[in-house]
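Student: To get the working numbering, take the position in the sequence shown, counting from 1, and add 41.
Please read through the structure below; I'll follow up with questions.
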Amino acid sequence: MADAKKILVLPGDGIGPEVMRESLRMIEWLDRRGFARFELEEDLVGGAAIDARGVPITAQTIARAKEADAVLFGAVGGPKWDRLGFALRPEIAILSLRRELGLFANLRPARVLDPLVEASTLKPEIVRGLDLMIVRESTGGIYFGEPRGIETLADGQRRGVNTEVYTTAEIERVARVAFELARARSGRLTSVEKANVMESGLLWRETVSALAPQYPEVTLHHMYADNCAMQLVRDPRQFDVIVTTNLFGDLLSDLASQLTGSLGMLPSATLGASAADGRRAALYEPIHGSAPDIAGRGIANPLAEMLSLAMMLRLSLGLPEAAVLIERAAERVLASGLRTADIMQPGKAKVGTQVMADAILREIDKVAA
Ligand code: IPM
Ligand code: MG
């Protein structure tokens, strides 16, 4: 039998552990049904790691993440840790993982499932059938650029500095991921920056353009980030794959998530480069945060974490049929009328985290039978 799939499980804080628990049941099911053997290790990150170990993530956890075939992440952060110094914030856990594992391509799909078309705050005729993919650069740009810091000037004023910086190599590798995705989807790619006011944006545009001849099946468009924000709410279906910088991708992916009506539904993948032996570092996480306001109440939507697991099965573990099984089950259960609080609609049945997960497991049982 093939080697076991090694997964590092990092539930984190808030609703992270609650939604992770349900995804672990899904993994158990896949193991039991013989899709693959899974070897799970679990560790602390974020506030949970700060409380137990004094830091948001340890070097040992990062080493375990490098060893694993993939990392399944929950969420980090909460008011309890908001007053800590910058280097100690729970969010440092995810930034360190991205940086140390070289996870430069953050894939954030925004799909409107038919049963949820009414959950969007936008009109159904604008979002029906929406299926877009934002590829956000995630180890460079202004979140990592130097110089950075807060300094005190001679006149006593303080000055905060961050630097937007991109090299051609950084732009090329994320653009290639986006071109390849676009080629496998509808063939439309939009590259987003502010080339009209930023040199790093101009370099971005030139570098992406220079790659285009290598992908003749892909139609490349360029768009300024402010215009893209506007176009995303005006007519989101004009987009298929969007590739953009760390900062713009952070903003635009939150915006895109709301086109679908629920943050609680959206998965993500963050990928590194493929090594010669075919190994590729990868981390999967729901795009919702730790939602401290609802943590511990058993009402969080487990679907984003489960759909992140599905992305892992497809992109890291070579188990696309298992991914499809989970995605189809999620759609069926939604079509049957079950809703967690975040996607509740009139006339539907409101259920908690566990009941939603039970329904998904029952559904895949049926389909796989
Ligand atoms: C995200 C989050 C993170 C980011 C935070 C938690 C550091 O907003 O994944 O979009 O800014 O990248
Ligand atoms: Mg964000």
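Glycine included, C-beta positions come from ideal geometry on N, C-alpha and C.
No experiment lies behind these values; they were computed from the predicted model shown.
1. Compute the Euclidean distance between the alpha carbons of V274 and D267, then round it to the nearest angstrom.
2. Just checking D267 against the ligand IPM - is the residue's beta carbon closer than 7 Å to any of the ligand's heavy atoms?
3. What separation, rounded to the nearest whole angstrom, lies between the Cα atoms of A219 and V202?
4. With a cut-off of 8 Å on the beta carbons, I'd call I328 and R140 a contact; round off their distance for me.
5. Can you check which of these residues, K121, Q101, A410 and E159, is closest to D383 by C-alpha distance?
6. Cβ atoms of L252 and E213: under 8 Å apart, would you say?
7. What does the shell around the ligand MG hold, if a residue joins when its beta-carbon is under 6 Å from any heavy atom?
8. Does the distance from the CB of E346 to the CB of S64 come in under 8 Å?
9. Could you compute how far the alpha carbon of L312 sits from the alpha carbon of G359?
10. Taking 8 Å as the limit between beta carbons, can you name the residues of its chain near I48, skipping five residues before and five after?
11. Between the Cα of A89 and the Cα atoms of P52, K107, R229 and D295, which residue gives the shortest distance?
12. Comparing C-alpha positions only, which one of A77, L71 and A100 sits nearest to P85?
13. Measure the Cβ-Cβ separation of L171 and R152 and say whether it is below 8 Å.
14. So, are the CB atoms of G305 and E59 less than 8 Å apart?
15. Just curious, the alpha helix (DSSP H) that P327 is in, first and last residue?
16. With burial defined as no fewer than 16 other Cβ atoms inside 10 Å of the residue's Cβ, what is the status of T381: buried or exposed?
17. Name the one or two DSSP bridge partners that D172 has.
18. Report all residues from its chain with a CB closer than 6 Å to the CB of V374; omit the five preceding and five following residues, and keep chain order.
19. If you check the beta carbons only, do G290 and R177 fall under 8 Å apart?
20. Suppose only complete runs of 3+ residues qualify. What are the beta strand (DSSP E) ranges in the segment 262–340, listed by chain order?
21. Do the CB positions of I19 and L173 come within less than 8 Å of each other?
22. Mark S298 as exposed unless 16 or more other C-beta atoms lie within 10 angstroms of its C-beta, in which case mark it buried.
23. When the Cα atoms are used, what is the spatial distance from E326 to L136?
Tutor: The relevant details are as follows:
1. Here residue 274 refers to the residue found at position 233 when the sequence shown is read from its first residue. Here residue 267 refers to the residue found at position 226 when the sequence shown is read from its first residue. The straight-line gap from Cα to Cα measures roughly 12 Å.
2. Against the sequence shown, residue 267 aligns to sequence position 226. Flag unset: Cβ of D267 not near the ligand IPM.
3. The count along the sequence shown starts at 1 and reaches residue 219 at position 178. The count along the sequence shown starts at 1 and reaches residue 202 at position 161. Their backbone Cα atoms lie some 30 Å apart in a straight line.
4. Indexing the sequence shown from 1 puts residue 328 at position 287. Indexing the sequence shown from 1 puts residue 140 at position 99. At roughly 19 Å, the Cβ-Cβ gap does not stay under 8 Å, so I328 and R140 are not in contact.
5. For the purposes of this step, residue 383 is identified with residue 342 of the sequence shown, where counting begins at 1. It is E159 whose Cα lies nearest to the Cα of D383.
6. Locating residue 213 in the sequence shown gives position 172, where the first residue counts as 1. Locating residue 252 in the sequence shown gives position 211, where the first residue counts as 1. Going by C-beta atoms, E213 is nearer than 8 Å to L252.
7. D291 and D295
8. Along the sequence shown, one-based indexing puts residue 346 at 305. Along the sequence shown, one-based indexing puts residue 64 at 23. Result yes, Cβ atoms of E346 and S64 sit closer than 8 Å.
9. For the purposes of this step, residue 312 is taken as the residue at position 271 of the sequence shown. For the purposes of this step, residue 359 is taken as the residue at position 318 of the sequence shown. Distance between the alpha carbons of L312 and G359: 15 Å.
10. In the sequence shown, the residue the question calls residue 48 occupies position 7. Only I68, F79, E80, L81, E82, A109, D110, A111, V112, L113 and M353 meet the Cβ criterion.
11. Here residue 89 is taken as the residue at index 48 of the sequence shown, counted from 1. Closest option to A89, Cα to Cα, is P52.
12. Locating residue 85 in the sequence shown gives position 44, where the first residue counts as 1. Sequence inspection shows Leu at residue 85; the Pro mentioned does not correspond to that position. Comparing Cα-Cα distances from L85 to each of A77, L71 and A100, the minimum goes to A100.
13. To locate residue 171, count along the sequence shown from 1; it is residue 130. To locate residue 152, count along the sequence shown from 1; it is residue 111. Yes, these two residues count as a Cβ contact at 8 Å.
14. On the sequence shown, residue 305 is found 264 positions in, with the first residue counted as 1. On the sequence shown, residue 59 is found 18 positions in, with the first residue counted as 1. No, they are not a contact pair.
15. Residue mapping note: residue 327 aligns to position 286 of the sequence shown, counting from 1. Here P327 belongs to no alpha helix (DSSP H); instead the beta strand (DSSP E) covers R321 to P327.
16. On the sequence shown, residue 381 is found 340 positions in, with the first residue counted as 1. Classification for T381: buried.
17. Counting from one through the sequence shown, the residue named residue 172 turns up at place 131. Per DSSP, R152.
18. The sequence position of residue 374 within the sequence shown is 333, counting from 1. The answer, listed in chain order, is A400, I401 and E404.
19. Along the sequence shown, read from residue 1 onward, the residue named residue 290 stands at position 249. Along the sequence shown, read from residue 1 onward, the residue named residue 177 stands at position 136. Closer than 8 Å, so yes.
20. 282–285, 308–315 and 321–327
21. Any question about residue 19 goes unanswered here, given that the chain covers just 42 to 410.
22. Mapped onto the sequence shown, residue 298 falls at position 257. By the 10 Å Cβ count, S298 comes out buried.
23. Residue numbering aside, residue 326 sits at position 285 when the sequence shown is read from its first letter. Residue numbering aside, residue 136 sits at position 95 when the sequence shown is read from its first letter. Whole-angstrom Cα-Cα distance: 13 Å.
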